[in-house]
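Shown next, in structure tokens, is the structure this report addresses.
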Amino acid sequence: MTEQKWTTVVKSSNSAFDMDIKGLKNCKDLIMLFVRRTFVAKYKQTILGPAWAIIQPFFTTVVYSVFFGNIAGLGASGVPNFIFYLSGTIVWTLFANCLTETSHTFTANSAILGKVYFPRLVMPISTAISQFIGFFIQFAFMLCFLVYYLITDVGLKPNIFILMFPLVLFQLAVLGMGFGIMISALTTKYRDLAMVVSFGVSLWSYCSPVAYDMFSRSQLAPGSIFYNIYMLNPVTPAINLFRYGFLGTGEVDWLFYGISWATTAIVAVIGALMFSKSEKTFMDTV
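If you use my numbering, the sequence shown corresponds to residues 18 to 303, in order.
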């Protein structure tokens, strides 16, 4: 009798880190299918469709410019408030969407995950990748204003740090996905977390330099205790680097940027461990 050679073996493992990386590499087509499904489903049965990707940050930027920039006087110094707030808003939106959307991985996809086997990390990865489609629509929108302000010569000074733009996006996506899969692992048992995710992300945005220029605030002067605490927020150095590269405003603190990356790596590893543990039993509790 000839021995059968299997191409795929599905087996149980009690190891702390069991992510089926090899299987994940073989699921590139499946990831792209889920990316398409996520993006299409988001704008399905809407009149304006993907235009919402521009409308939302545009009106958010207008509100920030009027209330925070003009009325409260928290805008940037040396650059137009609109491009300052728009740049921060689209970067923050990428991070926030990666976090909130991946936090529903198990509960939103339980019907699929309970029927067929595939590496479970396919779901959060495809969800995070799908957020880049909306981001690049918003980014193209920002570039239009950037070109306009450069032509009118209003003080923008793009520099070589623009080249770190892909690294900033990758970090924010990994950070958001890391926190998201941590929450998704916990919400299989504790549904209360799903109720506070959006609220918590909104509060987090006010602890990040999205609605105001931290470098124009005397309370956040480099070297102060508030500055150090504020910069420990892993999103803050990434947003500062993005703005510094494209607008030439603010500064980059490389020490805290390194700490931000270390935090991102730790969150990603912890999230992967929690996800690996939860995926074995989530169908019993979801």
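Cβ atoms here follow ideal geometry from the backbone N, Cα and C, with glycine treated the same way.
Secondary structure of residue i, DSSP reduced to three states
| i | result |
| --- | --- |
| residue 268 | coil |
| residue 135 | coil |
| residue 224 | coil |
| residue 90 | coil |
| residue 288 | helix |
| residue 190 | helix |
| residue 62 | coil |
| residue 171 | coil |
| residue 230 | coil |
| residue 195 | helix |
| residue 251 | coil |
Environment of residue i [buried if 16+ CB atoms lie within 10 Å]
| i | result |
| --- | --- |
| residue 89 | exposed |
| residue 220 | exposed |
| residue 212 | exposed |
| residue 209 | exposed |
| residue 191 | buried |
| residue 242 | exposed |
| residue 66 | exposed |
| residue 165 | exposed |
| residue 200 | buried |
Boundaries (first-last residue) of the alpha helix (DSSP H) holding residue i
| i | result |
| --- | --- |
| residue 85 | Here residue 85 belongs to no alpha helix (DSSP H), and DSSP marks it neither H nor E. |
| residue 118 | 98–119 |
| residue 207 | Taken as a continuous stretch (DSSP letters only), residue 207 belongs to no alpha helix (DSSP H), as it is neither H nor E. |
| residue 248 | 242–248 |
CB of residue i within 8 angstroms of CB of residue j, strictly
| i | j | result |
| --- | --- | --- |
| residue 142 | residue 48 | yes |
| residue 123 | residue 205 | yes |
| residue 104 | residue 263 | yes |
| residue 215 | residue 256 | no |
| residue 173 | residue 265 | yes |
| residue 237 | residue 223 | no |
| residue 207 | residue 91 | no |
Candidates the options, of which the one nearest residue i by Cα
| i | options | result |
| --- | --- | --- |
| residue 107 | 82, 98, 74 | 74 |
| residue 54 | 84, 80, 118, 144 | 144 |
| residue 276 | 203, 285, 250 | 250 |
| residue 110 | 56, 126, 218 | 218 |
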